[in-house]
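First to last, the protein sequences are chains A and B.
Position 54 (the first sequence) corresponds to 54 in this note's numbering; numbering is contiguous.
One rule links them: number in this note's numbering = place in the second sequence (from 1) + 1000.
First the structure, in the form of structure tokens, and then the observations on it.
There are 2 protein chains.
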Amino acid sequence: MATGRQHRPATRSRGIPEATVARLPLYLRALTALSERSVPTVSSEELASAAGVNSAKLRKDFSYLGSYGTRGVGYDVEYLVYQISRELGLTQDWPVVIVGIGNLGAALANYGGFASRGFRVAALIDADPAMTGKQVAGIAVQHVDDLETIIHTGGVSIGVITTPGGAAQQVCERLVAAGVTSILNFAPTVLTVPEGVDVRKVDLSIELQILAFHEQRKAAEEMGGQVGREPGDGEQAVMPA
Amino acid sequence: MATGRQHRPATRSRGIPEATVARLPLYLRALTALSERSVPTVSSEELASAAGVNSAKLRKDFSYLGSYGTRGVGYDVEYLVYQISRELGLTQDWPVVIVGIGNLGAALANYGGFASRGFRVAALIDADPAMTGKQVAGIAVQHVDDLETIIHTGGVSIGVITTPGGAAQQVCERLVAAGVTSILNFAPTVLTVPEGVDVRKVDLSIELQILAFHEQRKAAEEMGGQVGREPGDGEQAVMPA
DNA sequence: ATGTCTTTGTGAACGCGTGCACAAAGATGG
DNA sequence: CCATCTTTGTGCACGCGTTCACAAAGACAT
């Protein structure tokens, strides 16, 4: 996923495998729900089911954090919420800037899931002068000329890019130069970043294309496994249109 | 990522590994850009660099599709665009419904990346009667009561869920019952689906939390590896910049 | 035709992630 | 205090994905 920094020891983050890190937010969400229902403890089986994973995997994941469970009983919900939050760094406040206030940028600015987990929209930035000063989600949009100042004064280290593809790399470079070291990229572009900068990519078009691939296969299987096989392989892909 | 169907043979899709499928859209995008610049052929090295991957990986990926390259020369851009498009099922038209027309749903409806790759927004659906009839991205929003009819008459097999978390599972079940077999879920919920249905999940909050984790580690390393144990563990990753 | 040079296609080794299966740990009841 | 029962924590094996490194294939010049 990430473009920068993916070729590093990877799993060396204090020994916590990347795959485990990616699941921690999932567990945290399930645990938060339990906490709101005042459930005191939960077994690996129950929690795994709520998070949509296998219980052995969950136990192994937690084992990387330490031994927080009690055999014969399960895990203390509140304690685990705290431990995972701490591990993920959610006990502190993360100011975030969103660059590119189009439909998607506005949607993100309005997204409630941010504030609830230690993230705070510190600024909205757009290149269009007509947008400057407009209120989006209760925050005034600022012009991209002020990007560096905004990053510095706000102590921002996480940036979200929701610009068109063409502008993404340039925006990325300015963000990085100003001190941002983590980027969430929604633009359909491969970002090139220096060592030490993390990039995660979310690409709607790619997700749909992957679904289409499987959808096509299912449709083909349905009508007798027509797509793939080797009746000599190659020409079978009928493709009427 | 996907919740349903992840425990199947996985790589059995006519022999194409899942990891490769996930990269094909990336290659396709890079190739399309080359095609627009009328570049006739491209080497694995160049294309890999444009797609942000390793050239050996790219060659192995393509080898699953067949031998479409010419040794000493490289790959024919147009031909490869066609082959990958066909493999991904993008030579046909995929009608898609979006359920939940809030900020995010509207943003997706307006997203240009859909139409360009064989996807067509067939309908926008929302549970709020006040939304019914409103035009979003030039399409009239329909009420969720008509969901089944819309799916059937439109021959829709791909659904995008952008509802609040609480409504997602129910919407999902209705979509599946109506015949949808691929779902792209933006709601912060683990969807449970029957065998044969593919679910892919996009979760903004999770992506940010993963970034926060790495950000915290970088900050800790900077000030002398204060966060995580073991003064004898991994101090070597100095990472000066 | 032959040799050289470029680039593909792939066999093989390695490493990460997953899941099984069980021993260790603790709770609980008599 | 002991037996039993539940549930965690983990050693181990297996499989997928990545990467290396090189032989085979073709282009191109002479």
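Note that the Cβ used here is the ideal one computed from N, Cα and C, for glycine as well.
is_contact[residue i, chain B] using C-beta, thresh 8 Å
i	result
A/Lys218	yes
A/His214	yes
A/Tyr111	yes
A/Gly52	yes
A/Thr163	no
A/Leu104	yes
A/Met223	no
A/Glu173	no
A/Asp198	yes
A/Ser43	no
A/Ala130	no
A/Val21	yes
A/Ala56	no
A/Ala122	no
A/Arg71	no
A/Ala107	yes
A/Val144	no
A/Ser157	yes
A/Pro25	yes
A/Val202	yes
C-beta neighbour in chain A for residue i, strict 8 Å
i	result
B/Val1176	no
B/Val1193	no
B/Phe1062	no
B/Pro1017	no
B/Thr1181	yes
B/Leu1047	no
B/Glu1036	no
B/Glu1207	yes
B/Ile1139	no
B/Ile1151	no
B/Pro1188	yes
B/Ile1125	no
Bridge partner(s) assigned by DSSP for residue i
i	result
B/Asn1185	B/Ile1161 and B/Lys1201
B/Leu1124	B/Ile1098 and B/Val1141
A/Phe119	A/Trp94
B/Val1136	B/Ile1139
C-beta contact flag for residue i and residue j at 8 Å
i	j	result
A/Ile125	A/Leu147	yes
A/Ile158	B/Val1021	no
A/Ser43	A/Glu78	no
A/Glu207	B/Arg1200	yes
A/Val121	A/Ile139	yes
A/Asn185	B/Asn1103	no
A/Glu45	A/Ser38	no
A/Thr181	A/Gly166	no
B/Ile1244	B/Gly1179	No answer is possible for residue 1244 of chain B: the residues shown for chain B start at 1001 and end at 1241.
A/Leu80	A/Pro25	no
B/Gly1133	B/Val1141	yes
B/Phe1062	B/Gly1072	no
B/Leu1028	B/Ile1084	yes
A/Thr163	A/Val202	no
A/Leu90	B/Ala1212	yes
B/Val1097	B/Ala1127	no
CB-CB length for residue i against residue j, believed under 8 Å
i	j	result
A/Ile16	A/Tyr64	5 Å
A/Gly74	A/Thr32	Actually they do not touch by this definition, with Cβ atoms about 17 Å apart.
B/Trp1094	B/Gly1118	6 Å
B/Leu1204	A/Leu191	At roughly 17 Å, the Cβ-Cβ gap does not stay under 8 Å, so B/Leu1204 and A/Leu191 are not in contact.
B/Val1193	B/Cys1172	7 Å
B/Ala1030	B/Ala1051	5 Å
A/Val136	A/Ala115	Contact doesn't hold; Cβ gap of about 15 Å is too wide.
A/Pro129	B/Gly1113	So it is not a contact: roughly 26 Å between Cβ atoms.
B/Val1053	B/Arg1086	Contact flag wrong, Cβ pair sits at about 21 Å.
Go through the region 37-94 of chain A residue by residue and report every complete run of the alpha helix (DSSP H) that reaches 4 residues or more, in order.
44-51, 55-65 and 77-88
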